[in-house]
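Residues in the sequence shown are numbered from 1212 upward in steps of one, following the numbering used here.
Glycine included, C-beta positions come from ideal geometry on N, C-alpha and C.
Note that the structure is a prediction, hence the values are computed from the model and not measured.
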Amino acid sequence: MALSMLLGSCSLLDPPEAVPAWIRIEPFVLEPNPNVIEGSLSAKIEHAYVSVGGELLGIVNVPATVPVLLEGVQTVTIDPVVEANGSIYYLRIYPFYQRYTTEVTLVPGETVVVEPHTRYRDDAHFALIEDFENGQTVFTVDRDQDNETGIVVSGTDVFEGNASGFIHLTADHPTIEVATAPEFDLLDGGKIFLELNYRTPDVDVLFGLIGKEGNQLFATYNYGIRAKDTWNKIYFDLTDDVLSSQFDEGYKLAIFATLEGSEKEEARIWLDNIKLIHF
């Protein structure tokens, strides 16, 4: 009897379970920034780094509904997160997109909806924006010794606008290696990313940097995209490669793809909105 009374009194003293408020975070919208020349507003922001009232909630896959044990007016900060190098294991706050901040009123048991938007930062420097819309391309340095392979401006199956870059490989002309005519000074010590849209249903494609030291050229291809039959967006983090190589005469951006070693007779590659961005 005494034991049952003791247990009963303990249950009466248990604090009530806290009821969270809920925040529904919608996907990011990339908006134009009138202070920069930015090109396309295509983006692939599938994750967000969230804090509420100064408490870090971590990275969530958006859209997401997250519980919060806070109430009243709270500040919500949300950073856009991308899959750097196309890897879910390399989630990074994208340094060139602005943080989104807003205030919400949280009520336990109720849901508030947040629709974050972002834009490119004012201090983002676009070393290259290649959208192929002017009928020409900067990828004119032929490195494969085959004049039949190259990037041409095409109005067929474009991503957006009137044109995309197109590459056609065949059994007789199976390889492309091409680089930009201009060189880019990237040694400012800040973050460096390459963005692009692509559709490559038949073959993988590699992207690299070509640096110059004296009379020698050094090419490295450390970034790639897998064959994919629908248009996709990717962000490559070039920072470590550039800062470790330190070619002070500048860098060219290069593209490589080949049918050699495959059973395919031809390959088609579409590229668009190639952006080289740094601080």
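Anticipated Cβ contact below 8 Å, residue i with residue j, distance rounded
i, j, result
"Thr1308", "Thr1329", "For clarity, residue 1308 is Tyr in the given sequence; the question names Thr instead. Tyr1308 to Thr1329, Cβ: 5 Å. Contact."
"Asp1413", "Ala1438", "6 Å"
"Ala1390", "Arg1354", "6 Å"
"Asp1415", "Ile1436", "7 Å"
"Gly1376", "Trp1442", "Between Trp1442 and Gly1376 the Cβ distance is about 13 Å, and since that is not below 8 Å, they are no contact."
"Asn1484", "Glu1388", "That belief does not hold up - the Cβ atoms of Asn1484 and Glu1388 are roughly 22 Å apart, past 8 Å."
"Asn1272", "Asp1448", "No, Asn1272 and Asp1448 are not in contact; Cβ-Cβ is about 20 Å, not under 8 Å."
According to DSSP, residues forming a beta bridge with residue i
i, result
"Phe1377", "Val1363 and Trp1481"
"Gly1563", "In the structure as shown, the chain starts at 1212 and stops at 1490, and residue 1563 therefore has no counterpart that could be examined."
"Val1325", "Ile1236"
"Asn1443", "Tyr1409"
"Gln1427", "Glu1424"
"Gly1269", "Val1261"
Helix, strand or coil at residue i according to DSSP, with G and I counted as helix
i, result
"Ser1262", "strand"
"Thr1348", "coil"
"Phe1490", "coil"
"Ile1248", "coil"
"Leu1405", "strand"
"Arg1332", "coil"
"Lys1463", "strand"
"Val1315", "strand"
Local Cβ density within 10 Å of residue i, reported as buried at 16 or more and exposed below that
i, result
"Asp1451", "exposed"
"Ser1251", "buried"
"Gln1285", "buried"
"Met1216", "For Met1216, the pLDDT reaches just 48, beneath the cut-off of 50, and the residue's location in the model is therefore unreliable, leaving the point undetermined."
"Ala1392", "exposed"
"Phe1404", "buried"
"Gly1265", "exposed"
"Glu1314", "exposed"
Closer than 8 Å: residue i CB and nearest the ligand FMN heavy atom
i, result
"Gly1401", "With respect to the ligand FMN, the structure offers nothing, as it holds no ligand at all."
Extent of the continuous alpha helix (DSSP H) to which residue i belongs
i, result
"Val1453", "Thr1450 to Ser1456"
Endpoints, the beta strand (DSSP E) within which residue i is located
i, result
"Gln1285", "Gly1283 to Glu1294"
"Arg1303", "Leu1302 to Ile1304"
"Val1277", "Ala1275 to Val1279"
"Glu1388", "Thr1386 to Ala1390"
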